[in-house]
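Residues -28 to -1, 1 to 290 (mature numbering (1 follows the signal peptide of the UniProt record, and there is no 0)) are what the sequence shown spells out, left to right. Here the structure is laid out as structure tokens; the discussion comes afterwards.
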Amino acid sequence: MSYKALLTYALTGASTAALIASAGMASAQDYPQRPIEMVVTFGPGGGADLMGRQMGRLMEKPLGVSIPISNVAGASGNAGLTRLKTDAPDGYTIGTLISLTVASWASGLGDSSVDDFEVLAVVQNSPSFLFVPASSPYQTAEDLFAYAKENPGELTVATSGYGTQDDVTLKLLAKDGVQMENVPFQSPGERYASPIGGHTAVLYEEPGDVAQFLKAEQLKPLVVFSEERHPAFPDVPTSTELGYEISGLDNFRTVAVRAGTDPAIVEKLQSAVEESVASEEWQKFCAETYSCIEPVTGEDAQKMVQDFLQLITDQLAS
């Protein structure tokens, strides 16, 4: 190739690279120009679904585009995350990434890792409880655990899936002799109603997800898996008080994008999430679901997810 041809080739390549870079900058600057899809990783009616829908609706105002919801349930939330991490990292697909799914990675479910995603913000957090129907013969956690010890595997617990912290908690209880059977439900509504209908004896859940059943006095909380009592349920003992060192397995919920998304787009999305969380509508929503927290963003959010995964991994190995 002649010197002139080489020079022409080099200049053409440089121009092309400049055009590509310029197009990328313009794309980030003009983002968003069309609807953004919110992938909710669990079925309709559950806590992740309510959070995703509320957050999506509130984010529409600062972003200026609609945010339709797609429920992609299955595999303890991993099916939806597969969708999130295989769509283009262009900011037009965002999704829910919650602790139930992160816990499942420690149990070998799914093929995702924390590095596959960039967490925009952790927007909810709540400790989990064991609930029984109001008519249950077990009116205290001591009664429930005593029966489970004497009749291993007889009592059934409705959970959100295998590998989640629901499952991990039951495994930790079993190590202390409290053996109960995990019964996963893909449909949140069916899970919440299962003990009331007599299909299971116990429900593992966060209070916000079953608030309507608590207000109707159809469910009764017996124990909270925490080191401190819940301010909304001061009469409910903690697992620590009862001699079971099971805490730190709170159910947090985040909004995330695929790793590799343009930082300028990430910044716009994160700003929209923060504005949404600060709104009166969100504050009312999180208060009603016992899940209000100061949003955790950036590297702190990413570290929170990674630390939780390590905690679950260590608990399963102990």
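We treat Cβ as the ideally placed atom computed from N, Cα and C, and that holds for glycine.
Could you tell me the alpha carbon to alpha carbon distance between residue i and residue j, rounded to whole angstroms?
i      : j      : result
Val104 : Ile168 : 8 Å
Lys240 : Gln151 : 47 Å
Glu271 : Val94  : 11 Å
Thr212 : Glu247 : 37 Å
Ala146 : Cys258 : 33 Å
Phe205 : Leu72  : 23 Å
Phe197 : Thr210 : 6 Å
Ala289 : Gln96  : 27 Å
Arg230 : Gly19  : 22 Å
Val245 : Ala106 : 38 Å
Val86  : Thr112 : 38 Å
Glu217 : Asp62  : 43 Å
Thr261 : Val268 : 18 Å
Leu56  : Gly46  : 14 Å
Tyr110 : Val195 : 12 Å
Leu142 : Ser98  : 18 Å
Asp279 : Gly82  : 18 Å
Ala188 : Val182 : 10 Å
Within the continuous beta strand (DSSP E) that includes residue i, where are the two ends?
i      : result
Leu127 : Neither: Leu127 is in no beta strand (DSSP E) and is coded neither H nor E.
Thr285 : No beta strand (DSSP E) holds Thr285; the alpha helix (DSSP H) holding it covers Gly270 to Ala289.
Ile41  : Ile41 to Asn43
Gly67  : Thr65 to Ile70
Any idea which residues DSSP pairs residue i with across the strands?
i      : result
Ser98  : Asn223
Arg230 : Phe89
Phe103 : Leu175 and Pro193
Ile218 : Ile218 pairs with nothing; no bridge assigned.
Leu144 : Partner(s): none; Leu144 has no beta bridge.
State the start and end residues of the unbroken alpha helix (DSSP H) segment that holds residue i.
i      : result
Glu213 : No alpha helix (DSSP H) holds Glu213; DSSP gives it neither H nor E.
Pro160 : Pro160 to Ala165
Arg55  : Asn50 to Thr58
Leu186 : Ala183 to Lys187
Assuming residue i contacts residue j (C-beta within less than 8 Å), just tell me the rounded distance between them.
i      : j      : result
Ala236 : Ile66  : Actually they are not in contact, since the Cβ atoms of Ala236 and Ile66 sit about 15 Å apart, beyond 8 Å.
Ser42  : Val11  : 5 Å
Gln274 : Val91  : 5 Å
Gln158 : Leu221 : Contact flag wrong, Cβ pair sits at about 21 Å.
Val140 : Gln287 : 6 Å
Mapping the DSSP letters down to three states, classify residue i as helix, strand or coil.
i      : result
Glu153 : strand
Val11  : strand
Pro235 : helix
Phe205 : coil
Pro34  : helix
Glu253 : helix
Thr261 : coil
Thr73  : helix
Gly19  : helix
Gly133 : coil
Arg6   : coil
Leu241 : helix
Ser248 : helix
Gln111 : coil
Gly169 : coil
Below 6 Å, is the gap between the Cβ of residue i and the nearest heavy atom of the ligand FAD?
i      : result
Leu145 : No copy of the ligand FAD occurs in the structure displayed, which carries no ligand at all.
Taking CB distances under 7 Å as the criterion, tell me whether residue i reaches chain D.
i      : result
Gln242 : Here chain D cannot be found, since the structure has a single protein chain.
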